[in-house]
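Asks: Its first residue numbered 936, the sequence shown is counted upward by one per residue in this note's numbering. Where is the CB? At the ideal position from N, CA and C, for every residue including glycine. Here the structure is a predicted model, which is why all the values come from computation and not from measurement. Here it is: the structure, laid out below.
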Amino acid sequence: MIPWSRSSVLMATNRGLFNFVTKSWAQVRDLVGQMTRELALDPILLLLAAAIAAIGVAAGYSASQQSEIMLERSLVRLSLAFLVMLVIAQLPVQWLFRMAPWLFAVTVLLLIAVWLVGDVGKGAQRWLNLGPIRFQPAEIMKVAAPVMIAWYLAHRPLPPRFFDVVTTLVLVLVPVMLIAIQPDLGSALLIL
């Protein structure tokens, strides 16, 4: 006669499996927590960004009639974007705040360069070619404008005076007008 019944063996196996999964999950959770603390990333935000990016890549792959070249390009660009996100997340907020006027000024100059020498594609002049890199300065302005306005208003007394409100309006309207003449009304409205 066997001293163990089949049900007791199954219970012991399930208990062992449960303990293994619980310990493994705890180790993964601790590792992810340590990594996100060291890398200054919010794990939930990172997971949501990855999920949205995966949905976008899947939709692009489906829309391109399962083109593997398109999939490969999307994954390379997505990897570069996540790398840039990782690097920017490591920068101290105070440093970004100090760099706000410079980032804004350089981006306005890039928008002027688009107006003067930008690439025309599909009826719009939105792109700058810098050797192997082709990009839209309007995308940088989507970040630079709010950071610049925050920097400007942080150095002013509350409540803002009329002059401060007008200055803020000018800080917004200059890039909006430069983007609207490309024409890229979606980006212009987003900044506005």
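What distance in whole Å lies between the Cβ atoms of L1088 and T1103, which are believed to be in contact at a cut-off of 8 Å?
Replies: 7 Å
Asks: Sort A989, Q1029, V1055 by Cα distance to V1011 and report the nearest one.
Replies: Among A989, Q1029, V1055, the Cα nearest to that of V1011 is on A989.
Asks: Leaving out five residues before and five after R1069 in sequence, what residues of the same chain have Cβ atoms less than 6 Å from its Cβ?
Replies: W1062
Asks: Rank T1042, L1044, A1040, Q1071 by C-alpha distance to the C-alpha of D1054 and give the top, closest one.
Replies: Q1071
Asks: Does the beta-carbon distance from L1113 to A1079 come in below 8 Å?
Replies: Not in contact: L1113 and A1079 (Cβ atoms no closer than 8 Å).
Asks: Have a look at V1107, L1093, P1094 and flag the residue whose alpha-carbon is nearest the alpha-carbon of M877.
Replies: Given a span of 936 to 1127 for the chain in the structure shown, any question on residue 877 remains unanswerable.
Asks: Look up I1068 in the DSSP assignment and say whether it is helix, strand or coil.
Replies: strand
Asks: Taking the beta carbon of Q1001 as the centre, do at least 16 other beta carbons fall within 10 Å, making it buried, or is it exposed?
Replies: exposed
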